[in-house]
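The numbering of the sequence shown is this note's numbering, which starts it at 3 and goes up by one. We treat Cβ as the ideally placed atom computed from N, Cα and C, and that holds for glycine. Since the structure is predicted, the reported quantities are computational estimates derived from the model, not experimental observations. Below is one structure, written out as structure tokens; comments come after it.
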Amino acid sequence: CLSAFAVEDILSMQSRSMLPAVFVVVLTILHTPCLSAFAPALALGKSLGAPRVHTSARSWRTSAAHSLRSIVKTDGSEPAKRDASDVAVNTALSVLGAFALSRLLAVGLAKLAEAKREPVKFPEEAWDAKLASGELSKEAYSILRNAATERPFSSRFNGEARQGVFSCAMCDTGLFDMETKFDSGTGWPSFFEGLPGVEVEEGNKVDNIANMRSEVHCEKCGGHLGHVFGDGRVWGVPTGKRFCINGAAMTFAPSAVSEEASATG
């Protein structure tokens, strides 16, 4: 499990290569000792002519069970109790192994989905110039250019309630109107509908099926904004969609009415 978390942390660094994802998936299929906890994965392994994976997994769990039992049990234990202990330890190891494997596969699928996204539409020189001038923050660059994700509840726009328009931090394209913003409690600014400047990626079946989401880009510069989910009905929004957007990827321009209200208030 610790290895799964470590690999996930490594892969969370925004790599554009598919190799890390492929490496993780292949390594998981071939070498994860608790593979037998997943029946579909085991069936895949057998279809590939590798039934010994199950045997090695069983041997690994049995050895681990004996090691753990030698620590937690005494020599005077009854055989029946030892058998029950074996079952309990093996079950626990299988559950932990299944959890670790699911983490690895989820990260691998996410990286495969990210690698399939279309290239950013603006040339690299334009992004570098915007970053060097200070008009684009390092965090915004990392999100828009490399599809990073800001920490939840860190965006200054979570509590923004004035009327106005959210625009792309790179090219100033209008993305979302304040009237479509709602509090989802997820930690990121959420909207139920985008302006014409919002482009929803289509055809990425890996992301659509595995993660039940679609990536959202800026239509003009192609920068990564976040993802759209189909669970908006949980919050009762009219479109049934939840655009989960990185606040650092946007700027906000309050409307004239909001400016006047702020001045008089």
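- Distance from the CA of TRP129 to the CA of CYS173, rounded to the nearest whole angstrom, comes to 10 Å.
- From the listed residues GLY187, ALA142, ASP88, ARG147, the smallest Cα separation to PRO125 is found for ARG147.
- For ASP130, the uninterrupted alpha helix (DSSP H) segment begins and ends at 126 to 134.
- LEU227 and LYS140 have their alpha carbons spaced roughly 15 Å apart.
- Under the three-state reduction of DSSP, GLY99 is assigned to helix.
- For GLY161, no pairing in a beta bridge is given by DSSP.
- In this structure the segment 164 to 171 lies against the segment 246 to 259, because at least three pairs of beta carbons, one per stretch, are closer than 8 Å.
- In this structure, the straight-line span from the alpha carbon of VAL230 to that of LEU103 is close to 26 Å.
- Under the DSSP assignment, ARG235 falls outside any beta strand (DSSP E); it carries neither an H nor an E label.
- In the three-state DSSP reduction, MET252 falls in the strand class (E or B).
- For GLY176, the CB contacts under 7 Å within the same chain, skipping 5 residues up- and downstream, are VAL167, SER169, LEU197, GLY199 in chain order.
- Spatial neighbours of GLY242 in its own chain (CB-CB distance under 6 Å, excluding positions within 5 residues in sequence) are listed in chain order as GLY234, ARG235.
- Here the C-alpha atom of ALA134 lies approximately 14 Å from the C-alpha atom of ALA171.
- CA-CA distance, GLU181 to THR151, rounds to 24 Å.
- In the three-state scheme derived from DSSP, where H, G and I count as helix and E and B as strand, GLU217 is classed as strand.
- Spatial neighbours of GLU204 in its own chain (CB-CB distance under 8 Å, excluding positions within 5 residues in sequence) are listed in chain order as SER216.
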